[in-house]
């Protein structure tokens, strides 16, 4: 079987080009009929869904209710208050290495940068300041850079 390539659709047809070309030209001259190469889309990796921790939240809630009941009983009877319940630690939170507070992922990114900068500033300020007692016995902090030629000892 002899086939002829079409100039418009880039396919081969058994009929002669004189018969096929006018038909194919009419179809492919219309808008939106271009043959596009479709790229193979790689399947997107599914992000692992966070585990539902409703049970932990529920237990924390129940413990908070119980401790509140103990406090109200102690207040009614005039007894000393029981110690507060220990705080529950959320395993999804990230701990700041500078201040040991815990934050969710988005807040931790913002906070850790800020807290690191503040820790550096506090350390620098502690090195460059020293207490000075004035004539009126008021203690104040004076920067060494402000008094370069004075001996404040």
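In the numbering used here, the protein residues as written are 24 to 176. From the three backbone atoms N, C-alpha and C, an ideal C-beta is built for every residue, glycine too. What you are looking at is a predicted structure, and each value in this text was computed from that prediction instead of being measured.
Could you give the distance in angstroms between the alpha-carbon of residue i and the alpha-carbon of residue j?
i           : j           : result
residue 128 : residue 98  : 40 angstroms
residue 112 : residue 74  : 16 angstroms
residue 122 : residue 65  : 43 angstroms
residue 108 : residue 126 : 20 angstroms
residue 143 : residue 135 : 12 angstroms
residue 51  : residue 70  : 42 angstroms
residue 86  : residue 103 : 19 angstroms
residue 115 : residue 79  : 12 angstroms
residue 83  : residue 150 : 44 angstroms
residue 96  : residue 77  : 29 angstroms
residue 145 : residue 152 : 11 angstroms
residue 68  : residue 88  : 42 angstroms
residue 31  : residue 47  : 7 angstroms
residue 43  : residue 33  : 12 angstroms
residue 81  : residue 91  : 15 angstroms
residue 139 : residue 72  : 31 angstroms
residue 148 : residue 101 : 48 angstroms
residue 110 : residue 124 : 12 angstroms
Please tell me whether residue i has its Cβ less than 8 angstroms away from any Cβ of chain B.
i          : result
residue 31 : Among the protein chains of the structure shown there is no chain B, as only one such chain exists.
On the three-state DSSP scale, how would you describe residue i?
i           : result
residue 118 : strand
residue 39  : coil
residue 215 : The question about residue 215 has no answer here: the residues shown for the chain are numbered 24 through 176.
residue 125 : strand
residue 90  : helix
residue 132 : helix
residue 79  : helix
residue 102 : coil
residue 112 : coil
residue 45  : helix
residue 73  : coil
residue 68  : coil
Would you list the one or two residues that DSSP bridges to residue i?
i          : result
residue 28 : 35
Beta carbon of residue i, beta carbon of residue j: below 8 angstroms?
i           : j          : result
residue 105 : residue 93 : yes
residue 40  : residue 27 : yes
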